[in-house]
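In the numbering used here, the protein residues as written are 81 to 269. Note that the Cβ used here is the ideal one computed from N, Cα and C, for glycine as well. Predicted model, so just to flag it, every value in this text is computed and none were measured.
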Amino acid sequence: FLAVDSDDVTLVIHSIDERENFNGRTVISIDYMYEYPHGGMGTNLEIDKETGDIVHYHDMGYQLMQDMGDEAAEGDTISKDEALEKAINYLKEYAPSILHHYAMPTQDATFEEYMNAYQFKFPRTVNGIPVNGDHISVGIAKDGSLQLLNVNYNDDIEWPSADKVISKEDATQAFKDALTLDLRYVQAD
């Protein structure tokens, strides 16, 4: 999974440890580095200990090629729809145990030039309501390979019942009622 197809690059695993991540989940964290002539770069891979799902991964291949002075192989860029299909397939393979908590992306994908990758966010939903700040980020490189996978899942939350909140209309009206507006002139300098 971490192998790089180059005789000039050596994969060095610095440590493998078990720890609790920021969401309170026990993960196996693998700290590793790619060493090459005149440099190197490192990151980590996190795997959920209970499920085996990947919760954090970043492919450094594109940046690695740039640092080594090699140009990435030119080729056709897959379409956004093809990239979305790839993202879904990677999620089914690498993070299957929590997918039922997430919806399809509600925002359009972006193509990040510096990474040569499409970025997708799959939002978490609870009782049909999106959860702000809880999503799965997936980056798909222009060749269809997995560039990034980051899962921000926390199952230790007691969600309030949706029937105990005020309606959207009532919330909008309360917001409008709380606004005040005063007309003022501002002197331009």
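If I follow the unbroken beta strand (DSSP E) through residue i, where does it start and stop?
i	result
tyrosine 137	134 to 138
isoleucine 93	90 to 100
Can you find a CB in chain D that lies within less than 8 Å of the CB of residue i?
i	result
aspartate 111	Looking for chain D here will not work: only one protein chain is present.
Name, in chain order, the residues that DSSP records as bridge partners for residue i.
i	result
aspartate 124	First, the residue type needs correcting, since residue 124 is asparagine and not aspartate in the sequence shown. Partner(s): Asp111.
threonine 252	The partner list for threonine 252 (beta bridge, DSSP) is empty, contrary to what the question assumes.
threonine 62	Lying before the first or after the last residue shown, residue 62 is absent from the chain, which here runs from 81 to 269.
glycine 119	Tyr116
threonine 106	Glu100
tyrosine 182	Arg204
When burial is assigned at 16 or more other CB atoms within 10 Å of the CB, is residue i buried or exposed?
i	result
glycine 132	exposed
glutamate 126	buried
arginine 270	Because the chain is modelled from 81 through 269, residue 270 falls outside the range shown and cannot be assessed.
isoleucine 220	buried
glutamine 273	Lying before the first or after the last residue shown, residue 273 is absent from the chain, which here runs from 81 to 269.
isoleucine 96	exposed
tyrosine 233	buried
lysine 256	exposed
histidine 94	exposed
isoleucine 209	exposed
lysine 248	exposed
Could you give the residue range of the alpha helix (DSSP H) that holds residue i?
i	result
leucine 171	160 to 174
What's the C-alpha gap between residue i and residue j?
i	j	result
valine 92	tyrosine 112	6 Å
alanine 167	aspartate 161	10 Å
aspartate 236	proline 203	17 Å
aspartate 128	glutamine 143	26 Å
histidine 118	glutamine 227	24 Å
leucine 171	leucine 179	7 Å
phenylalanine 191	alanine 197	6 Å
glutamate 115	isoleucine 246	56 Å
histidine 138	asparagine 124	8 Å
asparagine 230	arginine 264	47 Å
proline 185	lysine 201	5 Å
aspartate 85	tyrosine 182	34 Å
serine 159	asparagine 207	32 Å
tryptophan 239	serine 217	22 Å
lysine 244	serine 177	29 Å
tyrosine 194	lysine 222	12 Å
threonine 205	valine 211	6 Å
Runs of beta strand (DSSP E) wholly within the region 192 to 230 (minimum 3 residues, chain order): For the region 192 to 230, the full-length beta strand (DSSP E) segments reaching 3 residues or more read 197 to 206 and 209 to 221 along the chain.
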